Structure formats: C-alpha cells, structure tokens
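K.L.:
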Amino acid sequence: VKRDIITIDDLSNEEIENLFALADTFLPAHPEDGESDGPARVRGRLDLADKFILASLFYEPSTRTRFSFNSAMHRLGGSVIESADPMTTSVAKGETIADTIRVIENYADVIVIRHPREGAARVAADYARIPVINAGDGGHEHPTQTLCDLYTFRREKKSLKNLNVLLCGDLKNGRTIHSLVFALARFGARIITRPAEGLELPPHVRRRLENDYGCITVPKEKIDSLAEIPDIDLVYVASKEHLPFESPADIVVNVQLRKKDLSQFDVCYVTRFQSERYSSGEKKSAYPVVDREFLSKSHYKKTRVLHPLPRVDELAYDIDDDPRGAYFQQASYGVPVRMALMATLLGVGKASLSQPKAAKESYSNSEGIACPNPRCVSNDDAEKRYLVPRFWVVPTTPPLLRCTYCEVEVKAGCVGSISTRRYYTDTSVLKSMKLPDVIVFASEQEAQKAGFEPARTPARKSLAAR
Amino acid sequence: VKRDIITIDDLSNEEIENLFALADTFLPAHPEDGESDGPARVRGRLDLADKFILASLFYEPSTRTRFSFNSAMHRLGGSVIESADPMTTSVAKGETIADTIRVIENYADVIVIRHPREGAARVAADYARIPVINAGDGGHEHPTQTLCDLYTFRREKKSLKNLNVLLCGDLKNGRTIHSLVFALARFGARIITRPAEGLELPPHVRRRLENDYGCITVPKEKIDSLAEIPDIDLVYVASKEHLPFESPADIVVNVQLRKKDLSQFDVCYVTRFQSERYSSGEKKSAYPVVDREFLSKSHYKKTRVLHPLPRVDELAYDIDDDPRGAYFQQASYGVPVRMALMATLLGVGKASLSQPKAAKESYSNSEGIACPNPRCVSNDDAEKRYLVPRFWVVPTTPPLLRCTYCEVEVKAGCVGSISTRRYYTDTSVLKSMKLPDVIVFASEQEAQKAGFEPARTPARKSLAAR
Amino acid sequence: VKRDIITIDDLSNEEIENLFALADTFLPAHPEDGESDGPARVRGRLDLADKFILASLFYEPSTRTRFSFNSAMHRLGGSVIESADPMTTSVAKGETIADTIRVIENYADVIVIRHPREGAARVAADYARIPVINAGDGGHEHPTQTLCDLYTFRREKKSLKNLNVLLCGDLKNGRTIHSLVFALARFGARIITRPAEGLELPPHVRRRLENDYGCITVPKEKIDSLAEIPDIDLVYVASKEHLPFESPADIVVNVQLRKKDLSQFDVCYVTRFQSERYSSGEKKSAYPVVDREFLSKSHYKKTRVLHPLPRVDELAYDIDDDPRGAYFQQASYGVPVRMALMATLLGVGKASLSQPKAAKESYSNSEGIACPNPRCVSNDDAEKRYLVPRFWVVPTTPPLLRCTYCEVEVKAGCVGSISTRRYYTDTSVLKSMKLPDVIVFASEQEAQKAGFEPARTPARKSLAAR
C-alpha cells in the first residue's frame with residue numbers, strides 16, 4: 144500500500160523520529176576539512192534509489208524545495224524529470240490535476256508537487272498509484288518544510304521535547320507555519336506567538352490546536368516571565384503532560400511558580416510576509432523584525448533563529464554571522480530529510496513506515512454545501528469537471544464540516560435526509576444518520592431551494608430524544 | 144548512416160512492428176502487486192544507453208511528450224539536457240534553428256524537438272549529424288504520438304490489421320491525427336470520421352490517402368450499417384486487399400453484404416479542439432463529445448477509447464472508470480515506445496532499422512514559387528536567412544509541389560527553363576526537364592516579372608508531342 | 144582551499160595550458176566514422192565526477208553555455224540541478240544572491256551562475272564554500288567563453304603564441320570580448336580592432352591593456368601593411384617581448400621593417416550587436432559584416448573565423464561551408480573545456496591548479512564613494528541590504544578606484560581620514576594611509592557634506608613631503 148505525505152498528520156511522531164534517525168546517517172559524522180565554517184551537508188552519491196525516477200512538478204516558484212528534492216534524489220542515485228514552470232506544460236492547454244497526475248504516474252516512481260491551489264496535493268494523491276509528496280499547496284500545508292524545521296530543532300537542541308518556540312511574522316498565510324504548529328503541539332512544545340498586526344494564527348488553526356491537540360491558550364499577561372517581551376500575543380501550551388500547570392484552572396496560580404519554564408526561548412522561528420497571497424495594497428506597514436538588537440534580551444541567549452527562507456526584511460543580515468542563526472543550516476537539512484523521506488516511501492530506506500491509518504469517512508454531496516475557501520482546489524472551474532466538495536465532519540456543537548482538500552471549516556446550516564427530503568437545523572442530527580443519506584446545506588433557504596422541507600420533529604427535540 | 148524520425152513515413156510497417164516487439168520487452172510481463180488497478184508501466188533502470196545524452200528541445204508546452212521522452216532516457220540509463228521554454232535560450236536573441244542544432248548536436252547523442260513552425264523538425268534533421276526525432280512541429284506531424292497510438296491499438300486489440308477506427312473532433316488541425324491516418328491506411332484500417340463542423344480532414348490529407356495509400360472514400364449513406372450513428376462523415380477504406388469489396392464500382396453493391404464489417408468499432412480516437420492553432424473568435428460552438436451515453440450504442444461494445452490528451456470537454460470524465468477507456472494506458476505506453484525508438488536510433492536496441500530510403504529528389508529555386516503555408520518554417524523571417532523553398536513534385540495533372548518541410552501542397556502555375564528563359568503553362572513539362580534547369584512560378588505574371596517569355600510550343604502541344 | 148573562476152585573471156597562463164592538455168584527453172583522437180564532416184566532439188560518459196552535482200543557475204537566457212556545462216557534467220558522470228528561468232525561483236520573491244547561494248551550496252558541489260548584474264558572480268563566490276564559475280555577469284566577463292575561444296585558437300593554430308587577432312563588431316558591450324582581450328594580451332597576441340561605430344573597446348579596458356598588460360596602442364595609419372583593410376581602428380601590441388619593435392618610440396620607424404608581422408590574420412573574431420544591453424532606439428545602423436567577400440582579401444587566406452554565437456546578421460551564412468569558419472567547432476569545444484575546468488575544480492581532473500593568489504587588499508566604506516556603474520550588483524536595491532561598495536586602488540595619478548565586483552573604475556575626488564576628519568584633494572595621499580582609516584569621496588562637496596574639513600597641509604605639499 145502506497146503512502147502519501149500531504150499534511151504533517153500523515154506521519155506519526157514515531158515515524159518522524161525514525162525518518163530523522165535515517166537522515167542522520169546521510170550526513171557526515173565529521174564535517175570535512177575546509178567546511179568547518181558552515182552548515183553540515185550531504186556529499187557524494189549512494190545507489191539506494193538508482194532504479195527510481197522522481198517527478199518534480201512545481202506550479203509555483205521554488206528554490207529550496209525544488210533544488211533540495213532534486214539534489215536528494217541525485218544523492219540517492221536516482222533520476223529526476225521535472226517541470227519548474229507550469230506554462231511549459233499542458234496546464235497551458237487547460238489540463239486538470241487529476242489528468243496530469245494519471246499521466247505522470249506512469250513516468251516516475253514518486254511525485255513531488257507544489258501548486259497554488261489549496262488541497263491540490265490531496266487531489267494528486269487520490270489519483271496517483273505512486274507516492275505523492277506535498278511540496279506546498281497554496282496557503283494550506285508544506286509538510287516537508289516542517290520536517291526540516293523539526294529536524295533542525297532536534298539537531299540544534301538535541302531533542303524535540305519540551306521546547307519553547309517563538310513564532311514571528313505572518314502566522315496567517317504561511318503554510319509552513321500551519322504544518323509546524325500542529326507538529327509542535329504533537330511533540331509537546333510551548334508555542335508563543337508574535338504575529339504581525341492582523342496576521343495572527345487563523346481561527347481554524349487555533350481551533351484545531353485546542354480540539355485535536357489539547358492545547359491551552361494563555362494570554363501573555365498571565366505569564367509574568369513574558370511581561371517584558373514586546374509584541375507577544377498568545378501562548379499555546381500543548382498536551383497536558385507538558386503543561387507547566389495541572390489544569391486550565393491552575394494557570395493563573397501556577398505561572399508564578401513556573402516562571403523559569405518560559406524564561407528562555409529554544410527557537411525563534413521567523414517568517415516573511417506572504418505578499419504573493421495578497422492582493423496589492425493589502426500589505427501591512429508594521430512587520431516584526433528579528434535583528435541583533437531584538438536578540439539581545441536574556442530570553443534569547445541560547446535561542447536558535449530559524450527561517451524557512453526566502454527572507455525579505457524581517458530577518459536582518461546582521462545575524463548571519465551570529466552563532467544563533469541556524470537558517471542556512473535549516474536549508475541545508477532539506478537534503479538529508481528529503482532523502483530519508485523518499486527512500487522510505489520508495490521502500491529502500493531503513494526506516495519503516497507503519498501502515499496508513501484507515502482513512503476517516505468523509506461526507507460528499509455535490510448538490511449540498513461547497514467549501515467556502517475560494518482558493519480551494521474544489522472551487523477551481525477546471526477541477527470542478529470531476530471534483531465534488533468533500534468534508535470530514537468535526538464533532539463539535541454545532542458540527543463543522545472540514546474540507547478534506549484544504550481543511551478550511553464551514554458551519555453546517557442545516558442537514559437534509561435524501562430519503563425523507565426533510566431537513567434539520569440542529570446539525571447534531573448528523574450523528575444518527577448514514578452518510579450516503581446525508582446532504583448538508585449552508586442555510587435553510589438553500590435546503591428549501593433544493594426542495595427539502597423542515598423536519599416534523601424540531602431539531603432541538605430530535606437531539607433531546609437521543 | 145543516421146536515421147531521423149520526422150514523419151511516420153520515415154518508418155516502414157516492418158520497422159514499426161520491430162520497434163513494438165522491443166517495446167514489449169521493457170514492460171513487465173506481469174503487473175506488480177498493487178498495480179493491477181491501472182495501466183502497465185515501465186519500472187527500474189537499464190544500462191542500455193548509459194553512455195548517451197538526450198537533448199530535449201521544447202519550443203511549445205508539453206507534458207506527456209517531454210516527460211515520457213525524458214523518463215524513457217532515464218529508464219535506458221542515459222542522461223538528459225533540456226530546454227522547456229525557448230525564451231530561456233538564444234531563441235530570445237534571434238538564433239535560427241539551423242544554428243541552434245549545429246551547436247546542440249555537439250552536446251548530445253540524440254535530439255528531440257518540438258517547435259511551433261511546421262517543418263522545423265525537418266530543418267533540424269537536415270543540419271544535425273545525430274538522430275533527430277520530431278516531437279511535434281506545428282500542425283504538421285507528431286510521429287511518436289502515432290507510434291504510441293498504434294502500440295496501444297496493438298496491445299488492446301492484439302493486432303494492427305483490419306481495424307475499424309472512428310476519429311472524432313478536430314481532424315483539421317490535430318497533427319497527431321494526420322500522422323495517424325497515414326499510418327492506419329498503411330496498416331489497412333477502415334477509417335471513419337466524425338469531425339467537428341468545419342474541422343474535417345484537410346484536402347491535402349485526403350488527397351494523400353487516395354493517391355499515396357490507395358484509400359477509397361465512401362460517404363456514410365452508402366454503408367447502411369452506419370446509418371444509425373449520428374454525425375459520421377466519411378469512411379476511408381484503405382489499401383485494396385483490406386477492402387470489404389472488390390473495386391470502387393462494387394461499393395454500393397457490396398456494402399449490403401459486408402454490413403458486419405463496420406458494425407463494431409475497434410477504436411474511438413478522440414481529439415480536442417486545437418485552440419492554440421486558432422485566432423480568437425474562430426472557436427466553433429458545437430464540438431462532438433464522447434461520453435458514457437455516446438458509448439452506449441452497440442457499435443461501441445468492444446471499443447477502446449483513446450485520446451492523445453490533454454482533454455478539455457470533448458471526452459467526459461464519466462468514462463474514466465469504464466474498462467473501454469484506454470487513454471491513460473495510451474499515455475503510459477509513451478515510455479516503452481520511446482525507449483525502443485531511442486535505443487534503436489542509438490544502435491543499442493535489439494530492433495534494427497533498415498537503411499533509410501534514398502531521399503526523393505527535390506526541387507528548389509529561391510527565385511521561384513514559395514510555400515503557401517504561412518506557418519511553414521520556410522516562411523519564417525529569421526529562417527529565411529539560409530532556407531530556400533524546397534518541394535517534391537507530385538506527379539498528378541496538373542502537377543503539385545509538396546513542400547518538403549511542412550508537406551503543404553501548392554499548384555504550379557507555370558514552369559520555366561532557366562537555360563532558355565521560356566515558361567510553360569502546362570506544368571507536365573516538368574517530367575522532361577532536369578531539376579537544376581527548372582524554375583516554377585505561381586502564375587504567368589510572376590514568370591514574366593522574372594523576365595521569362597512564353598514557350599514557342601504551346602504547353603498542350605508540348606505535352607501531346609511526348 | 145576552493146578556487147572560483149570569475150574573471151579570466153583567476154587562471155594563470157600555465158593553468159590555462161594545463162586545462163587545455165586535460166581537455167585534449169576528452170576528445171577522440173580520431174573522429175568516428177561518419178563524423179568526419181563536422182566538428183570533433185566528446186562522446187560517451189566517464190565516471191570521474193560521478194559523486195558530484197552541478198548547480199546551473201541561469202538568470203539570463205543561454206543555449207550554448209547552459210547546455211554545454213550540463214552536457215560536460217553528464218559526460219563526467221555527474222548530475223545536474225538547475226534553474227533556467229529565475230522567475231521560477233525565489234528571485235521572484237525578492238531573494239538576494241547571497242542568500243540563494245548560501246542555500247544552493249548545500250545542494251551541489253559546484254555552482255555555475257549567469258546573472259544580468261555586473262559583479263554578481265563575484266558576490267556568489269564570496270558567499271559559497273564550493274567553487275563558483277561565472278557563466279556571464281551582465282556586460283562584465285564570461286571567462287569560460289574565453290577559455291573556449293583560446294582553446295579553439297590553440298587547436299586551429301597549434302599555439303597560443305604570436306597570434307594576430309582581428310576583433311569585429313560590438314567591442315563595447317560584449318563581455319566575451321573583454322575577457323578575451325585580456326587573455327590575448329597575456330599570451331602576447333597582436334589585437335587589431337574593427338569596431339562598429341561607437342562600439343569601440345571601452346576606456347577602462349584600454350587602460351587595463353596598457354597598465355596591466357603593457358600593451359602599446361598603434362593607430363592603423365602607422366602600420367602600412369594594414370592600409371588597404373577597411374574599417375580597422377587600432378592595434379594593440381601586447382607585452383614587450385612580443386613587440387615587433389623595441390620601444391614605443393621605435394614604432395614608426397620599425398613598422399616598415401616588420402610589415403610581414405601583420406600581413407596575415409590568424410583569427411577573425413566576430414561578435415553580434417548586444418541589443419539586450421541597450422535601450423530601444425539606441426541600435427546603430429552600420430554594423431561591420433563578415434562574409435565571403437570580406438574574407439576574399441589576402442590577409443584572410445589562413446584565417447579562422449570565430450563567433451561566440453548566437454549570430455544575427457554580422458556573420459553571413461555563406462561561410463558556413465568555408466573551411467575557415469570555425470564557430471561551430473568553437474561551440475563544440477565548450478564540452479571538453481568545461482569538463483576539464485569542472486573536473487579540476489572538483490579535484491578529480493589530472494590538471495592541478497596552483498593555490499589562489501593572495502587576494503589584493505580592497506577598500507570599502509559604505510559612507511564613501513559608490514560604484515558609478517548602474518548595472519553593478521553593488522547598486523542593486525535588494526543586494527544593497529548586505530553589500531557595500533568595495534574597490535581596489537589602482538596606483539595611477541590621480542588614483543582610480545576599480546570596483547571589485549564589476550571592475551568599472553571611478554576617479555577618486557578626494558580622500559578623507561576617518562580619525563582626523565580631514566580630507567585631501569590629492570588622492571595620492573592614499574599610499575601613506577592605512578585602509579581602515581580611509582574614506583574616499585567623489586568630490587569635495589561630498590566630503591564636506593559628510594562633515595570632513597580640508598586638510599591643513601595642501602594635498603600637493605603632502606605629496607611632496609613624502
């Protein structure tokens with residue numbers, strides 16, 4: 144059974160640790176002479192993957208990701224076929240993702256895809272018989288960047304446990320940030336945010352931190368060790384066993400005691416303003432900068448500064464020579480990490496992946512609700528020829544639908560039963576229905592337009608009865 | 144002596160069969176576990192061509208052709224140097240095809256070229272000392288696509304003989320169609336056309352089907368087994384030994400008897416509207432669509448549906464899961480077929496090619512007639528620095544000149560003798576003249592403008608005298 | 144210690160001869176059958192560099208350079224990762240050269256870079272731990288083209304000594320020309336110029352020919368053997384031991400005696416109009432053309448015609464079949480020469496390079512003078528984030544500053560002492576100052592604006608005192 148890496152959730156913590164152990168074996172134990180002044184890097188060529196071809200499909204510009212995937216494949220002994228510019232391909236003639244992928248899968252053994260549409264990599268994975276790796280799909284996810292980030296944390300800090308991580312900049316649109324916060328939460332980090340104004344972590348990410356990863360959100364004022372640090376917004380304290388306090392109620396009481404827990408940042412992770420995801424004029428004027436002066440506070444003495452690059456002005460050149468700057472090392476680790484990942488997906492690495500989790504049942508009905516995200520692949524005119532909206536049901540009250548492509552969530556307005564042609568405004572009725580009979584509408588009006596009538600039992604009663 | 148593949152006519156039927164037998168050896172005898180649900184495909188890497196470099200020169204967008212050629216070269220063990228975007232090359236500085244090719248031939252062992260100019264691949268072949276493969280030259284030919292098509296027919300239908308092939312869509316501009324119909328005629332297929340309105344096979348293709356391949360054209364009404372099928376236009380019945388009737392005169396008589404011969408289509412070959420070959424506004428509104436409903440007629444029970452891809456709307460997604468849809472398999476076969484072709488041209492495949500046929504003598508005089516096709520390479524301002532119009536003489540009455548580059552034909556208006564400075568309106572005089580003494584004009588006025596006088600012997604008499 | 148090839152000055156004459164001896168071993172001793180009619184070329188694949196990856200970074204269009212570098216790496220057994228279009232990389236997101244290079248150096252073993260900014264390759268070399276090869280930086284230099292040129296001279300003329308070389312065309316903007324004239328001067332050639340009107344060798348190149356290479360400039364009229372040749376401008380006679388006369392004063396006397404020395408041109412080197420370095424409308428109408436008629440003079444009987452290609456109209460197609468035309472052979476030699484260079488830089492070639500010369504001390508002060516060349520990398524807004532102007536001091540009177548990036552020179556207006564806050568208009572005072580104390584201004588006004596006062600001792604006196 145093939146494995147795809149579309150979001151960081153496609154790998155368990157144990158699998159990540161196994162990949163990292165394999166990546167370690169690709170790096171030289173001792174840096175060669177003359178290299179002691181820079182990042183450790185992979186050299187030479189193995190023959191692990193010499194029978195394999197990587198298809199690199201980049202529908203958006205890339206330097207690090209494309210070059211390091213290609214380099215990784217060559218270092219493993221394999222070959223690369225690639226497109227760095229979609230306008231040189233049949234995309235220029237209107238070809239859909241599903242068609243492109245069902246062709247390319249015959250020419251290669253593993254596919255890496257970057258695409259401007261959110262959810263595009265999931266579509267690619269659904270249609271390919273060979274492993275697909277998401278190299279960034281719009282503002283959604285970029286899981287191998289997250290693997291490189293985590294690998295850098297681990298190499299620089301010796302462990303992925305108990306880290307205090309400060310996230311700076313555009314936390315709203317940076318796809319690398321979204322993958323990263325979920326992974327950090329899983330490894331029990333304390334996440335401190337320092338967003339540009341208006342560019343906080345989006346609500347669906349916060350909700351998932353809380354719902355899926357048991358994070359507790361603490362405003363800065365509640366943790367006095369942070370009082371003197373400017374611009375800090377929120378702290379996400381992940382998974383109960385890593386809390387510096389016993390229960391949410393204890394926060395205010397206990398933060399006094401655990402002051403030291405947040406007195407030193409292990410990592411300061413800086414991101415640039417994602418101007419290409421904005422319309423012109425939308426650019427914010429104030430953007431938090433990390434420079435030597437910022438790092439002069441005692442909190443940052445042992446901090447490692449990371450940045451997924453490219454940088455613009457948010458990370459000053461004056462820390463390039465500072466031993467705390469680890470961003471070029473981070474870029475360098477793209478090769479060993481991607482080597483480990485591809486070797487493992489191709490079945491030639493020593494790391495082994497567990498069987499994929501059984502896919503969660505998803506809801507789909509082309510007549511019902513659509514994903515509200517205009518950048519979602521399911522809203523692309525060409526892709527709509529064959530794609531129908533598809534959701535996971537998030538069991539909150541009221542329930543949410545989470546798009547299986549872009550993971551943006553939408554509130555269900557009312558729920559219909561196809562067999563009875565009735566609809567319910569209390570969407571918790573979903574729990575007692577079989578998915579093939581379900582149709583979800585954004586509002587009662589939409590349901591009525593589609594010819595559905597209000598259910599005889601009011602929704603509230605129906606809920607109460609169960 | 145090197146061999147080039149510029150049109151499908153550059154390979155004999157026997158050579159094609161030999162290439163296909165070699166291609167078979169590159170495919171797995173049994174699909175691997177977990178792949179049984181999709182097209183058979185090549186895996187692994189051989190070392191047949193590990194000393195060789197392919198130069199992939201794509202001056203127009205491509206997904207399938209470029210990726211499958213590159214994949215094929217890697218599967219053979221070789222390397223690739225490539226340009227997927229002409230604006231990144233010296234074309235941006237005005238370099239001609241001949242100059243580019245005379246440079247690149249020193250950097251590679253085989254050249255694959257796609258170019259918007261019709262006849263460009265022939266120019267490349269004329270100037271290269273290494274084999275050149277035409278990967279599509281404007282609306283002219285795309286012979287390796289035809290090889291993939293034929294290979295799919297043969298794999299799906301066990302033989303290339305006696306096939307009934309329905310061609311749908313844009314038969315006018317699809318270069319894949321032109322290569323294909325000639326090849327089908329050579330293998331004795333019955334070709335049934337279902338063109339979009341105004342996009343029938345162009346006259347020069349029809350003429351060649353009749354003149355060069357002995358095809359007989361039968362209107363649909365004459366073959367009652369086709370009566371119930373909508374939109375069908377013409378049937379081309381190829382090469383006499385495959386006719387379902389003895390002679391053209393027998394058609395009306397015999398079609399009743401051979402009703403069964405056309406009751407089942409072996410292949411339905413669908414093509415998209417070639418919008419990039421049109422000026423805007425020229426797009427036709429009605430375009431024949433192939434979908435599950437269309438295929439529900441009894442004629443299509445055992446049909447295989449092919450499409451060179453990309454598709455737009457002419458091939459519905461609802462047959463993607465239908466076992467009759469073979470278009471992704473067809474795309475997959477690009478690898479084994481192109482492996483067989485390149486290995487053979489490089490002299491490392493087991494298939495052997497005969498010596499090339501002696502080139503037909505061609506007529507050329509830069510002062511005389513020019514190719515009438517504005518998209519012909521010989522009409523490109525840059526290429527005119529060194530290219531002169533060049534034609535084969537088609538021995539019809541009146542004779543035609545067929546451009547050796549783009550194969551578009553032009554009627555000769557009158558023929559001059561350079562030594563006598565006389566011209567003849569009866570162009571059949573050509574037969575009795577030596578080519579170096581010949582100059583052909585589009586009209587008498589052109590001849591007179593060039594200082595030629597009418598021949599003393601009237602053309603008709605001259606002809607009668609011979 | 145790594146070596147970079149940024150200008151032709153980065154290689155000594157002996158190193159160049161060693162590289163050429165290595166390049167010879169890559170070419171077949173005897174051209175294969177069927178190839179006798181064209182340039183000698185490299186075939187097959189070695190395993191010299193099979194552990195290495197070349198990063199090809201092309202920020203401007205290229206055919207010959209990119210394809211031949213990539214081919215050379217494959218022929219050596221290595222792999223290539225590449226970008227042929229900067230808009231598909233993070234350049235599109237505003238990434239600087241220094242950042243791109245510090246990332247890419249981790250993915251490859253040698254970097255080849257072409258960039259529109261003059262001096263960009265020097266910046267790349269400064270920031271990379273792996274060897275960097277300049278494949279053309281704006282109008283500055285293109286040293287591997289010069290190596291190919293020299294290699295062609297040597298193969299065609301058996302030696303690099305005592306050559307008479309005619310340079311035709313755009314001598315102002317052709318970067319290949321600037322590298323070439325310096326190399327020719329070093330090997331003792333006589334350089335005769337035939338520039339297009341207004342496109343003579345620029346003053347800084349002439350000055351370096353005279354100052355650095357001891358060339359003497361002789362107007363055409365002084366050498367009567369050249370009298371009958373049209374359009375010739377100047378003759379540069381290089382390095383005293385190759386002079387056909389004893390001292391500059393002897394020129395007029397001796398040219399009569401040495402008439403034969405300039406009666407035959409060994410090489411006619413043609414260059415195209417570099418239209419991409421011009422604003423529109425600036426194109427000159429008259430441009431010297433080399434064609435069969437031009438070559439009919441007795442001076443050109445044994446001449447070899449070279450051209451870095453692509454050509455436009457300055458080199459006629461009518462000499463393509465003339466045995467004197469060596470430009471396709473010249474293009475072909477790109478492979479063996481670049482194989483030799485990369486193998487040597489990677490430490491796997493048999494040629495050995497000496498240790499690099501100790502870098503000349505350079506002057507830098509971001510408050511002082513800036514490079515006057517608007518196309519210099521040090522004047523690029525993005526690169527200014529980290530780059531400061533940097534100069535070598537040319538010990539002429541008055542002294543010049545030569546930009547270490549683009550090598551354009553600027554006159555120093557006055558010189559300040561940072562410690563005393565005084566400035567001197569006689570810039571020869573520089574000789575007696577320590578560089579860290581120096582600040583150079585373009586004019587006295589600039590110095591005063593920066594708060595500096597005139598020196599008490601007038602500059603002239605200060606000079607006299609030393």
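In order, the protein sequence lines correspond to chains A, B and C.
Counting in our numbering, the first sequence runs from 144 upward without gaps.
Counting in our numbering, the second sequence runs from 144 upward without gaps.
Counting in our numbering, the third sequence runs from 144 upward without gaps.
Ideal placement from N, C-alpha and C gives every residue a C-beta, glycine not left out.
This one's a predicted model, so the numbers in the text were calculated from it and none came from an experiment.
Listing by chain order, which chain C residues have their CB less than 7 Å from the CB of B/R528?
P.N.:
Simply Y460.
K.L.:
Nearest chain C C-beta to A/H285 closer than 7 Å, yes or no?
P.N.:
No, because no Cβ of chain C sits closer than 7 Å to the Cβ of A/H285.
K.L.:
Kindly indicate the opening and closing residues of the beta strand (DSSP E) around A/L543.
P.N.:
Residues L543 to C546.
K.L.:
With C-beta atoms as the reference, is C/F201 less than 7 Å away from C/A227?
P.N.:
For C/F201 and C/A227, yes; Cβs fall inside 7 Å.
K.L.:
What beta strand (DSSP E) runs, 3 residues minimum, are completely inside the region 429-496 of chain C?
P.N.:
Here the runs fully enclosed are 447-449.
K.L.:
Roughly how many whole angstroms lie between the Cα atoms of B/S222 and A/V581?
P.N.:
Roughly 53 Å between the two C-alpha positions.
K.L.:
Using only alpha-carbon positions, find the residue among C/Q588, C/R298, C/R188 and C/S575 that is nearest to C/Y470.
P.N.:
Among C/Q588, C/R298, C/R188 and C/S575, the Cα nearest to that of C/Y470 belongs to C/R298.
K.L.:
Could you tell me whether the Cβ atoms of C/D147 and C/A278 are closer together than 7 Å?
P.N.:
The answer is no: Cβ separation not under 7 Å.
K.L.:
Give the single residue among B/P345, B/R333 and B/G262 whose Cα lies nearest to the Cα of B/V308.
P.N.:
Closest by alpha carbon: B/R333.
K.L.:
Measuring alpha carbon to alpha carbon, tell me which of A/A525, A/D569 and A/P346 ends up nearest A/H321.
P.N.:
For A/H321, the nearest C-alpha among the options comes from A/P346.
K.L.:
Who are A/N307's beta bridge partners in DSSP?
P.N.:
In DSSP, A/N307 forms a bridge with A/R333.
K.L.:
Skipping 5 residues on each side, what residues in its chain have a beta carbon closer than 8 Å to that of C/G187?
P.N.:
Answer for C/G187: R218, listed in chain order.
K.L.:
Should C/H258 and C/D280 be called a contact, given that it needs their Cβ atoms to be closer than 7 Å?
P.N.:
The answer is yes: Cβ separation under 7 Å.
K.L.:
Is there a Cβ from chain F that is less than 7 Å from the Cβ of A/S211?
P.N.:
In summary, chain F is missing from the structure at hand, where the protein chains are A, B and C.
K.L.:
Of the residues that make up the region 445-458 of chain C, which ones have a beta carbon closer than 9 Å to any beta carbon in chain B?
P.N.:
Going along the region 445-458 of chain C in chain order, one finds L452, P453, R454, V455 and D456 with a Cβ nearer than 9 Å to chain B.
K.L.:
So for A/Y270, helix, strand or coil by DSSP?
P.N.:
Looking at A/Y270 - three-state DSSP - the assignment turns out to be helix.
K.L.:
Between C/L452 and the rest of its own chain, which residues show a CB-CB distance below 7 Å, the 5 nearest in sequence each way excluded?
P.N.:
The answer, listed in chain order, is R207, Y470 and A474.
K.L.:
Ordered along the chain, which non-local residues of its own chain (more than five positions away) have a Cβ less than 6 Å from that of C/A198?
P.N.:
I224, I247, A251 and I254, listed in sequence order.
K.L.:
Use the C-beta contact count for C/H450: other C-beta atoms within 10 angstroms, 16 or more gives buried, fewer gives exposed.
P.N.:
By the neighbour-count rule (16 or more Cβ atoms within 10 Å), C/H450 is buried.
K.L.:
Quick check: what's the CA-CA separation for C/F296 versus C/L290?
P.N.:
C/F296 and C/L290: Cα-Cα distance of roughly 10 Å.
K.L.:
If you draw a straight line from the alpha carbon of A/N161 to that of A/L496, how long is it in whole angstroms?
P.N.:
Whole-angstrom Cα-Cα distance: 8 Å.
K.L.:
Could you please give me the residues that DSSP links to C/R533 through a beta bridge?
P.N.:
Looking at the DSSP assignment, C/R533 forms a beta bridge with C/S507.
K.L.:
For a cutoff of 7 Å on Cβ pairs, would you count A/P204 as touching chain C?
P.N.:
Output row for A/P204: interface = yes.
K.L.:
Under 8 Å Cβ-Cβ, which residues of chain A neighbour B/P182?
P.N.:
Those within 8 Å of B/P182 in chain A are N249.
K.L.:
Give me, in chain order, the residues of the same chain whose beta-carbon lies closer than 6 Å to that of B/T446; leave out the 5 immediate sequence neighbours on both sides.
P.N.:
Counting only Cβ-Cβ distances below 6 Å, and skipping sequence neighbours, we find F408, C411 and R467.
K.L.:
Taking 7 Å as the CB-CB limit, is B/H258 close to chain A?
P.N.:
No, its Cβ sits nowhere closer than 7 Å to a Cβ of chain A.
K.L.:
At the level of alpha carbons, what is the spacing between B/Y566 and B/A598?
P.N.:
Going by the C-alpha atoms only, they are around 5 Å apart.
K.L.:
Can B/E526 and B/T239 be called in contact, C-beta distance under 7 Å?
P.N.:
A contact, by the Cβ cut-off of 7 Å.
K.L.:
Let me see if you follow: with CB-CB separation under 7 Å, is C/T232 close to chain A or not?
P.N.:
Yes - at least one Cβ of chain A is within 7 Å of the one on C/T232.
K.L.:
Who are the near neighbours of B/A326 in its chain, counting only those whose CB is closer than 7 Å to its CB and skipping five residues on each side?
P.N.:
Cβ neighbours of B/A326 beyond the five flanking positions: I151, T289 and L293.
K.L.:
Could you pull the DSSP bridge partners for A/K554 from this structure?
P.N.:
Answer by DSSP bridge pairing, in chain order: A/L543.
K.L.:
Excluding five sequence neighbours on each side, which residues of the same chain lie with their C-beta closer than 7 Å to the C-beta of B/V348?
P.N.:
If we look at B/V348 and ignore the five residues flanking it on each side, its Cβ neighbours are H321 and V324.
K.L.:
When you compare only the Cα positions, how much space is there between C/D153 and C/R329?
P.N.:
Going by the C-alpha atoms only, they are around 13 Å apart.
K.L.:
Entirely within the region 167-232 of chain C and at least 4 residues each: give me those alpha helix (DSSP H) ranges in chain order.
P.N.:
Counting only runs of 4 or more, we get 207-218.
K.L.:
Count the other CB atoms, across all protein chains shown, that sit within 10 Å of the CB of C/N516; report buried if there are 16 or more and exposed otherwise.
P.N.:
That one is buried.
K.L.:
Give the C-beta separation of C/V413 and C/G312 to the nearest angstrom, bearing in mind that I take them to be a contact with Cβ-Cβ under 8 Å.
P.N.:
Correct: roughly 6 Å between the Cβ atoms.
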